[in-house]
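The numbering of the sequence shown is my numbering, which starts it at 206 and goes up by one.
C-beta: ideal position from N, C-alpha, C; glycine also.
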Amino acid sequence: MSDLILFWHRRDLRLNDNIGLHQAHEQTTKVVGVFYLDPQLLNNDDIAPARVKYLLGCLRSLQTSYRQARGDLLILHADPIAAIPELAQTLNANAVFWNLDIEPYAGKRDRAVESALKEKGISVQTFWDQLLHAPGDVLTKGEDPYKVYTPFWKNWQQQAKAKPVGQIKQLSSLTAEETEKAQAMGAIPLPQLEDFGLSWDNELPLPPGENEARDRLEQFCDSALFEYDQNRNYPAVDGTSLLSAALKFGAVGIREVWQTTEQAWKNSRSDETRHNIQAWRQELAWREFYQHALYFFPELADGPFRPQFQNFPWEDNLDHFQAWCDGKTGYPIVDAAMRQLNTIGWMHNRCRMIVANFLTKDLILNWQWGEKYFMQKLFDGDLAANNGGWQWSTSSGMDPKPLRIFNPASQAQKFDPEGEYIRYWLPELNSLDTEELLTGNISAMERESLDYPQPIVDHKQQQRDFKRRYQQQKQA
Ligand SMILES: Cc1cc2nc3c(=O)[nH]c(=O)nc-3n(C[C@H](O)[C@H](O)[C@H](O)COP(=O)(O)OP(=O)(O)OC[C@H]3O[C@@H](n4cnc5c(N)ncnc54)[C@H](O)[C@@H]3O)c2cc1C
206 MSDLILFWHR
216 RDLRLNDNIG
226 LHQAHEQTTK
236 VVGVFYLDPQ
246 LLNNDDIAPA
256 RVKYLLGCLR
266 SLQTSYRQAR
276 GDLLILHADP
286 IAAIPELAQT
296 LNANAVFWNL
306 DIEPYAGKRD
316 RAVESALKEK
326 GISVQTFWDQ
336 LLHAPGDVLT
346 KGEDPYKVYT
356 PFWKNWQQQA
366 KAKPVGQIKQ
376 LSSLTAEETE
386 KAQAMGAIPL
396 PQLEDFGLSW
406 DNELPLPPGE
416 NEARDRLEQF
426 CDSALFEYDQ
436 NRNYPAVDGT
446 SLLSAALKFG
456 AVGIREVWQT
466 TEQAWKNSRS
476 DETRHNIQAW
486 RQELAWREFY
496 QHALYFFPEL
506 ADGPFRPQFQ
516 NFPWEDNLDH
526 FQAWCDGKTG
536 YPIVDAAMRQ
546 LNTIGWMHNR
556 CRMIVANFLT
566 KDLILNWQWG
576 EKYFMQKLFD
586 GDLAANNGGW
596 QWSTSSGMDP
606 KPLRIFNPAS
616 QAQKFDPEGE
626 YIRYWLPELN
636 SLDTEELLTG
646 NISAMERESL
656 DYPQPIVDHK
666 QQQRDFKRRY
676 QQQKQA
């Protein structure tokens, strides 16, 4: 057997701070990277063109990094369960390494790949890389997974965080004969987005690739981080990191992210700046909380966590759903947010909460419709975070708060007080004064003249209706 190790990239599209890759490289310089464009995932009806574009861009940049290190990253468009063992055998690989994932599909697939490899006598090594603390590392005193965020955060933040592992700089490339064999097994040049029947012409909120993600991290931790808590709720302010897609695909290592916040912590001179850094770290902990939750409670992916929502009498008004998707509900803050999502493939967190609340509590439509639509649009769409965000907004998840109902007008008044965000995404409403924009108190005639829809529902009435249904469910 040769000393070749195949390293299977999945959500870790980088050479720096990559635990599994680093471990493989400790054993040999002949580490060959491989990425499978999995038809199971790409043919799903919840795929977003913006997300695939980001993924392909990250792969392009990773391929360049491999070449610079004199190594190879193979791309295959195939089902990894059958294809990995074949490729490993053909290249006479000694072992296959990869970093683990928490998603139910990934777990099942990985077990199948592992047993097929073992049958062929090829060893497997796996690692936790995408989280600062792996599932099982942060448990209650009774050794159970947490179901509530605050105690999880208290425990999580106290635990020591690992340092980043170094960059892979030197690899050995495949021989011409091995390259030919890999091609015969399906290795292809990196496809274009159009090859999957998808298109996305708009600029992505964060350009793909490891260098871009690391630059953004530096830039954010040098400036906006110090005012994060003041600004993070205002969608018109550029106050958040925009690193969500990079974290989802692992274009940046989580240990490096943490270390950068530690550096910022050391450089900060006031309690106020430290408070802001801590607020951002809490968001990183939310990411881990939802990943742990999905790992231990995979049923979250299929439906509501709380029994009150199991057979909830949702409306089935498809016209209302379409109006919500298109940003045509007649509620300016909701429509502005949906236009942002449809245009750039990203939506500000405050607005994600507002539109999710509106879909479930004002339109009384099933949150799973919204969850899926988000996945079809978001460039950072991620099962654990998206499902967690939707279940939180619906009040169907683990959060102990019984019911959370947002008033779109008060949300707009509080978080977009000058109406800047609404004006940017709904330019047809530019002529209205701020009060009208925020409250939505726009006369029917004015709406008509501006070609802006009448409100599709009455907030107060719907709120009462939702509460009534909720109480009935609770009693039932
Ligand atoms: C209904 C709903 C759906 C959502 N869907 C997704 C999704 O598909 N993918 C996704 O990454 N986030 C999702 N979020 C969480 C959050 O809105 C985004 O992570 C955030 O807006 C991304 O912007 P940012 O990178 O500038 O975040 P920052 O404010 O800079 O936060 C830093 C990082 O922390 C993580 N994070 C922040 N907030 C949350 C949160 N509430 N839950 C989990 N992780 C968080 C993200 O990785 C983010 O990049 C959702 C939230 C809601 C309410």
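{"query": "Check: residue 663 C-beta below 7 Å from any heavy atom of ligand 1", "result": "no"}
{"query": "Proximity test, residue 221 beta-carbon vs ligand 1 heavy atom, cut-off 7 Å", "result": "no"}
{"query": "Residue environment, residue 663, which counts as buried when at least 16 other CB atoms sit within 10 Å", "result": "exposed"}
{"query": "Rounded distance between the beta-carbons of residue 658 and residue 534, thought under 8 Å", "result": "7 Å"}
{"query": "Beta carbon of residue 238 nearer than 8 Å to that of residue 279", "result": "yes"}
{"query": "Neighbourhood of residue 261 by C-beta, 8 Å cutoff - its chain only, sequence neighbours within 5 removed", "result": "395, 396, 397, 398, 413"}
{"query": "is_contact[residue 229, chain D] using C-beta, thresh 8 Å", "result": "Any reference to chain D falls outside this structure, which holds one protein chain only."}
{"query": "Those residues which DSSP pairs with residue 711 across a bridge", "result": "One cannot answer for residue 711 here, as it falls past the ends of the chain, which runs 206 to 681."}
{"query": "Secondary structure of residue 259, DSSP reduced to three states", "result": "helix"}
{"query": "Supposed close pair residue 547, residue 577 - CB separation, criterion 8 Å", "result": "Actually they do not touch by this definition, with Cβ atoms about 15 Å apart."}
{"query": "Burial state of residue 335, where buried means 16 or more other Cβ atoms lie within 10 Å", "result": "buried"}
{"query": "Cβ distance (whole Å) where residue 292 is taken to contact residue 211 below 8 Å", "result": "7 Å"}
{"query": "When 532, 667, 498 are compared against residue 591, the one with the closest alpha-carbon", "result": "498"}
{"query": "Contained alpha helix (DSSP H) runs [length at least 4] in the segment 460 to 539, N- to C-terminal order", "result": "476 to 501, 523 to 531"}
{"query": "Reference residue 416; option with closest CA among 645, 267, 228", "result": "267"}
{"query": "Meets three-Cβ-pair contact criterion under 8 Å: the segment 548 to 560 and the segment 437 to 456", "result": "yes"}
{"query": "Sequence ranges, alpha helix (DSSP H) only - wholly within the segment 229 to 274, length at least 4", "result": "244 to 247, 254 to 273"}
{"query": "Residue 376 beta carbon less than 8 Å from that of residue 274", "result": "yes"}
{"query": "Segment contact flag, the segment 354 to 368 with the segment 486 to 501, C-beta cutoff 8 Å, min 3 pairs", "result": "yes"}
{"query": "Residue 417 CB to nearest heavy atom of ligand 1 below 7 Å", "result": "no"}
{"query": "Identity of the residue in 290, 619, 282, 452 nearest residue 245 by Cα", "result": "282"}
{"query": "Simplified DSSP assignment, three categories, for residue 546", "result": "helix"}
{"query": "Rounded separation between residue 610 and residue 389 - CA only", "result": "57 Å"}
{"query": "beta-carbon residue 333 near ligand 1 non-hydrogen atom, thresh 7 Å", "result": "no"}
{"query": "Extent of the continuous beta strand (DSSP E) to which residue 684 belongs", "result": "Residue 684 lies beyond the stretch modelled for the chain, which goes from 206 to 681, so this question has no answer here."}
{"query": "Residue 564 versus residue 572 - alpha carbon distance", "result": "7 Å"}
{"query": "Test item: CB-CB of residue 219 and residue 458 under 8 Å", "result": "yes"}
{"query": "heavy atom of ligand 1 below 7 Å from residue 437 C-beta", "result": "yes"}
{"query": "Integer-rounded CB distance, given that residue 602 should sit under 8 Å from residue 510", "result": "5 Å"}
{"query": "Per-residue burial, residue 419 [other beta carbons within 10 Å of its own, 16 or more giving buried]", "result": "buried"}
{"query": "As assigned by DSSP and simplified to three states, the class of residue 396", "result": "coil"}
{"query": "Whether residue 352 touches residue 296 by CB criterion (8 Å)", "result": "no"}
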